[in-house]
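Engineer: Residue numbering for the sequence shown follows numbering that gives the first Met the number 0, beginning at 0 and increasing consecutively. What follows is a single structure, and I will ask about it in a moment.
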Amino acid sequence: MKNVPLIVLLFLAQLAYSQVKIGDNINQIDAASLMELESASRVLVVTRVTNAQMSAITPLNGALVFNTDEDCLFQYKNNVWTSLCVNVAAGETVTALLDNNDGTVTYTNEAGTPVTFSKANLTDNLDGSFTFTNGSGALNFIGTDNQNLDNATLEESTSTLLIEIENGNSTSADLSALEESADITAVQNDVDQNETDADAAILAETNRATAAETTIQNDVDQNEADADNAIAAVQSDVDQNETDADAAILAETNRATAAETTIQNDVDQNEADADAAILAVQNDVDQNETDADNAIAAVQND
Numbered sequence: 000m001k002n003v004p005l006i007v008l009l010f011l012a013q014l015a016y017s018q019v020k021i022g023d024n025i026n027q028i029d030a031a032s033l034m035e036l037e038s039a040s041r042v043l044v045v046t047r048v049t050n051a052q053m054s055a056i057t058p059l060n061g062a063l064v065f066n067t068d069e070d071c072l073f074q075y076k077n078n079v080w081t082s083l084c085v086n087v088a089a090g091e092t093v094t095a096l097l098d099n100n101d102g103t104v105t106y107t108n109e110a111g112t113p114v115t116f117s118k119a120n121l122t123d124n125l126d127g128s129f130t131f132t133n134g135s136g137a138l139n140f141i142g143t144d145n146q147n148l149d150n151a152t153l154e155e156s157t158s159t160l161l162i163e164i165e166n167g168n169s170t171s172a173d174l175s176a177l178e179e180s181a182d183i184t185a186v187q188n189d190v191d192q193n194e195t196d197a198d199a200a201i202l203a204e205t206n207r208a209t210a211a212e213t214t215i216q217n218d219v220d221q222n223e224a225d226a227d228n229a230i231a232a233v234q235s236d237v238d239q240n241e242t243d244a245d246a247a248i249l250a251e252t253n254r255a256t257a258a259e260t261t262i263q264n265d266v267d268q269n270e271a272d273a274d275a276a277i278l279a280v281q282n283d284v285d286q287n288e289t290d291a292d293n294a295i296a297a298v299q300n301d
């Protein structure tokens, strides 16, 4: 039992100086290798992080991560995260933009030449780009291939400028020390206020146009109502005139009928009176003839 700790110690000592092979052919390892991975069906997956997570990590130089936002492998080199996604066919090399956290930024171009410039001046080109200018003039460098700026994002809350280069680095610079930061914020506030004022003006104009449209529609509706009322009044007058005309025609017809009846009655009465007069005359004639005949007979008898 006393020999057990010694055996364990010897085992751990051997393990501390041993080599490690993971995967296939674990008994075959190069003499200079501390650790080897070998597999025909499995791979090594390094730590996967986002831009924000990667920026928050300060590891030893040589550390590797896979940036899921950039879809690329990054190496921590010279105290800055550097993209390993380089278009070799296009002759591109890795460049770096390092914030020195002392009011300066160091840019290392494709020739490997570092250029340090002050962050005191930042000019907004009003086309989505910015120009850094120090006391000696603007930063210039010459490249031998085409480079496209994929994206440049200025985080307002942290004053951090994130620059993404086509198939190259993705790096950030702290702009909070810029003298123009307050001016940039003021300009942004002015832009926001202008947008608010423009929205308010558009809303007011829309409301005015709506009110004018409503007024015009009300006038149209009132005109239509007045026209309908006028047409109804004219129609009522026409109907009354027709009624009055019908009544006048009826009255005239009745008057003419009454006059015709009166005239006919007069004609009938005149005919009756004439017949009565003729009858009376005939009776007188007949009576006279009778009296004459009687007188003649009396004379003859005498």
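The beta-carbon is built from N, C-alpha and C at its ideal position, and this holds for glycine as well.
1. In angstroms, rounded to a whole number, what distance separates the CA positions of residue 192 and residue 204?
2. How should residue 300 be labelled, buried or exposed, when 16 other C-beta atoms within 10 angstroms of its C-beta is the threshold for buried?
3. Please report the straight-line C-alpha distance between residue 252 and residue 215, rounded to a whole angstrom.
4. Between residue 42 and residue 67, how many whole angstroms is the CB-CB distance? I'm expecting something under 8 Å.
5. Would you mind stating whether residue 308 and residue 59 have Cβ atoms separated by less than 8 Å?
6. Residue 272 to residue 263, Cα distance in whole Å?
7. Looking at the structure shown, is residue 69 part of a helix, part of a strand, or coil, going by DSSP?
8. Residue range of the alpha helix (DSSP H) that residue 82 falls in?
9. Roughly how many angstroms separate the alpha carbons of residue 202 and residue 240, rounded to a whole number?
10. Could you give the distance in angstroms between the alpha-carbon of residue 236 and the alpha-carbon of residue 250?
11. Quick one: Cα of residue 54 to Cα of residue 207, how far?
12. Nearest to residue 32 by alpha carbon, out of 40, 20, 78 and 38?
13. Less than 8 Å between the C-beta atoms of residue 35 and residue 23, yes or no?
14. Pull up the distance between the alpha-carbon of residue 106 and that of residue 71, whole angstroms please.
Structural biologist: In brief:
1. 18 Å
2. exposed
3. 54 Å
4. Not really, about 16 Å apart at Cβ, beyond 8 Å.
5. Here the chain comprises residues numbered 0 to 301, so residue 308 is not present and cannot be evaluated.
6. 14 Å
7. coil
8. Counting along the chain, residue 82 falls outside any alpha helix (DSSP H), though it belongs to the beta strand (DSSP E) covering 79 to 82.
9. 56 Å
10. 20 Å
11. 51 Å
12. 20
13. no
14. 21 Å
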